[in-house]
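**Student:** Those letters in the sequence shown? Residues 0 to 314, per numbering that gives the first Met the number 0, in order.
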Amino acid sequence: MQLSSPLLEFPSTSFDPWRVSELRHHLGDHPLFAKPALMELAARLEQRRSVRAHTAQATAGTAFNHAPAIFPNRRTAVATLDDIDNAGVWMSLLNVQADEIYRELVDGVLDSVKPMLDKLDPGMCYRGGWIFLTSPRAVTPFHMDKEHNFILQIKGRKTLYVWEPDDLEAVSEEARDLFHASHSRDLVAWRDALRARAHVFQLEPGMGAYMPATSPHMVENGDGASITASFTYYTHSTIRNARMHALHQRLRQMGMQPARVGMHPWWDAFSGALYSGLLGLQQAFGQGRGSAGVGEEYSRYALDPAAREGSHASI
Ligand SMILES: [Fe+2]
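1. Within a Cβ cutoff of 8 Å, which residues of the same chain sit near F14, ignoring the five residues on either side of it in sequence?
2. Mind listing, in chain order, the continuous alpha helix (DSSP H) runs of no fewer than 4 residues lying wholly within the stretch 216-268?
3. Report the start-end ranges of each beta strand (DSSP E) in the stretch 9-72 that is 3 residues or longer and not cut off at the edges.
4. Inspect the beta-carbon positions of W89 and T58 and report whether they are closer than 7 Å.
5. Is the distance from the Cβ of P71 to the Cβ of H147 below 7 Å?
6. Output the distance between the C-alpha atoms of S181 and H142, rounded to the nearest integer angstrom.
7. Give me, in chain order, the residues of the same chain whose beta-carbon lies closer than 6 Å to that of P215; leave out the 5 immediate sequence neighbours on both sides.
8. Excluding five sequence neighbours on each side, which residues of the same chain lie with their C-beta closer than 6 Å to the C-beta of D267?
9. Hey, out of S298, G261, A301, G276, whose CA is closest to W17's CA?
10. With distance defined between alpha-carbon atoms, name the residue in L186, E219, Q46, Y297 nearest to R239.
11. Does the beta-carbon of D267, which I'm using as the reference point, lie nearer than 6 Å to any heavy atom of ligand 1?
12. Decide if I130 is buried, meaning its Cβ has at least 16 other Cβ atoms within 10 Å, or exposed.
13. Determine the DSSP secondary structure at K357, reduced to helix, strand or coil.
14. Could you check where the beta strand (DSSP E) with F200 kicks off and where it finishes?
15. Grab the span of the beta strand (DSSP E) containing F141 for me, first residue to last.
16. Could you tell me whether the Cβ atoms of G155 and S91 are closer together than 7 Å?
17. On the premise that L37 lies in contact with L6, defined as a C-beta separation below 8 Å, what is that separation, rounded to the nearest angstrom?
18. If I follow the unbroken alpha helix (DSSP H) through H182, where does it start and stop?
19. Tell me the DSSP secondary structure of L6 in three-state form.
20. What did DSSP end up calling G205 once you bin it into helix, strand or coil?
21. What does the shell around ligand 1 hold, if a residue joins when its beta-carbon is under 6 Å from any heavy atom?
22. Report yes if the CB atom of D176 is closer than 7 Å to the CB atom of Q252, and no otherwise.
23. Strictly by DSSP, which residues pair up with V161?
24. Mark F269 as exposed unless 16 or more other C-beta atoms lie within 10 angstroms of its C-beta, in which case mark it buried.
25. Using alpha carbons as the reference points, say which of P257, N85, S229 lies closest to L109.
26. Expressed to the nearest angstrom, what Euclidean distance is found between the alpha-carbon atoms of L302 and M255?
27. Quick one: what does DSSP say T133 is sitting in, helix, strand or coil?
28. Using only the alpha-carbon positions, how far apart do I69 and R126 sit?
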């Protein structure tokens, strides 16, 4: 389908890649968000084990990483989607860019904003797409992710709570260091009082939000089922930021108390370059664990579309 332009619109005249902002979109009528197409996608992604779900028993305070194990959804993805009004489930179709039909959609959306983003926050890579299918009143537990994220409401209503990416009251520096070093969200802790600090978006079809990397968020679905899409990516700055936090976690493990990332830019630049060099050497000698080192090309997609398994950069 030819996508009309502009797909995304930003009411604010000054888009800042490291600030939460509202947006509007024109993807609501796209045929790939119609139920028959989503049913076929769910079947294909389930074969790749690229579906994540938990029941609506999960709350804002449920540990996000472990919600599918704590509150498992016993139905198949297709059966769940077919009865999403009554299923009592939150379900995410992961890494839809790995599907050749939906990859075109991910590229269409992100290509439409890339020229603007390149001027402010260059290096778009690890592109990803995620489609959330949510039963009435299901909740997405409080968490944060590593990617910049355009979250778009396609059908139904939900309340999105987002905190700024530098809000250390919402998620501490220690929690951020641990997250980037090990993907653990064990120190990301929900408190009801955090609601008062959040940007609150009452999302309806055609509305959305931009959430910079590591902006904590929590979502409460409305009284009807909903469809929401996320289009995500990394940039040079998100990779630098993640690398600094991972380095600081290593320093913590050695008993040090590193300053907050961003507090001393000269230190960040020096130690980040040193750390990148070490990672590059590790990779050169076959000891790397997937971190990009010096001179490495970053992938266009978060998951190689040719990959057979459903592993993914973000959960
Ligand atoms: Fe998320």
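All residues carry an ideal CB built from backbone N, CA and C; glycine is no exception.
**Tutor:** Taking the geometry as given:
1. For the purposes of this step, residue 14 is taken as residue 15 along the sequence shown, with counting starting at 1. The residues S20, M115, L119, Y209, in chain order, have a CB closer than 8 Å to that of F14 in the same chain once the five nearest residues on each side in sequence are set aside.
2. For the stretch 216-268, whole alpha helix (DSSP H) runs of length 4 or above, ordered along the chain, are 235-252.
3. Listed in chain order, they are 20-24, 50-54.
4. The sequence position of residue 89 within the sequence shown is 90, counting from 1. The sequence position of residue 58 within the sequence shown is 59, counting from 1. No. Outside cutoff.
5. Within the sequence shown, residue 71 is the residue found at index 72, counting from 1. Within the sequence shown, residue 147 is the residue found at index 148, counting from 1. Contact: no.
6. Locating residue 181 in the sequence shown gives position 182, counting from the first residue. Locating residue 142 in the sequence shown gives position 143, counting from the first residue. Taking the straight line from one Cα to the other gives about 15 Å.
7. Along the sequence shown, one-based indexing puts residue 215 at 216. Within the same chain, and ignoring the five residues on either side of P215 in sequence, the residues whose Cβ sits closer than 6 Å to its Cβ are M143, W162, A169, V170.
8. Numbered from its first residue, the sequence shown carries residue 267 at position 268. Taken in chain order, the residues that qualify are M243.
9. Counting from one through the sequence shown, the residue named residue 17 turns up at place 18. Relative to W17, the option among S298, G261, A301, G276 whose CA is nearest is G261.
10. As a first step, residue 239 must be located in the sequence shown, where it is residue number 240. Distance from the Cα of R239 is smallest, within the candidate group L186, E219, Q46, Y297, for Y297.
11. On the sequence shown, residue 267 is found 268 positions in, with the first residue counted as 1. Because no heavy atom of ligand 1 lies under 6 Å away, the Cβ of D267 does not count as near it: no.
12. Residue mapping note: residue 130 aligns to position 131 of the sequence shown, counting from 1. Looking at its Cβ environment, which holds 16 or more other Cβ atoms inside 10 Å, I130 is buried.
13. No statement about residue 357 is possible, as the shown extent of the chain runs from 0 to 314 and does not include it.
14. Here the question's residue 200 lines up with position 201 in the sequence shown. Start and end: 198-202.
15. Taking the first residue of the sequence shown as 1, we reach residue 141 at position 142. That run of the beta strand (DSSP E) goes 138-142.
16. Position 156 of the sequence shown, counted from the start, is the residue given in the question as residue 155. Position 92 of the sequence shown, counted from the start, is the residue given in the question as residue 91. It is not a contact, given that the beta carbons lie outside the stated cut-off.
17. On the sequence shown, residue 6 is found 7 positions in, with the first residue counted as 1. On the sequence shown, residue 37 is found 38 positions in, with the first residue counted as 1. With a Cβ gap of about 19 Å, L6 and L37 do not count as contacting.
18. Looking up residue 182 in the sequence shown gives position 183. Under the DSSP assignment, H182 falls outside any alpha helix (DSSP H); it carries neither an H nor an E label.
19. Counting from one through the sequence shown, the residue named residue 6 turns up at place 7. Three-state DSSP puts L6 in coil, outside helix and strand.
20. As a first step, residue 205 must be located in the sequence shown, where it is residue number 206. Under the three-state reduction of DSSP, G205 is assigned to coil, being neither helix nor strand.
21. Any heavy atom of ligand 1 counts here; residues with a Cβ closer than 6 Å to one of them, in chain order, are H142, D144, H216.
22. Residue mapping note: residue 176 aligns to position 177 of the sequence shown, counting from 1. Residue mapping note: residue 252 aligns to position 253 of the sequence shown, counting from 1. It is not a contact, given that the beta carbons lie outside the stated cut-off.
23. Within the sequence shown, residue 161 is the residue found at index 162, counting from 1. Note: V161 sits in a beta bridge opposite H198, H216.
24. Working through the sequence shown from its first residue, we reach residue 269 at position 270. It counts as exposed.
25. Taking the first residue of the sequence shown as 1, we reach residue 109 at position 110. Measuring from the Cα of L109, the nearest candidate turns out to be S229.
26. Position 303 of the sequence shown, counted from the start, is the residue given in the question as residue 302. Position 256 of the sequence shown, counted from the start, is the residue given in the question as residue 255. Rounded to the nearest angstrom, the two C-alpha atoms are 35 Å apart.
27. Here residue 133 refers to the residue found at position 134 of the sequence shown. Three-state result, T133: strand.
28. Sequence index remark: in the sequence shown, residue 69 carries index 70 (1-based). Sequence index remark: in the sequence shown, residue 126 carries index 127 (1-based). The C-alpha of I69 lies about 29 Å from the C-alpha of R126.
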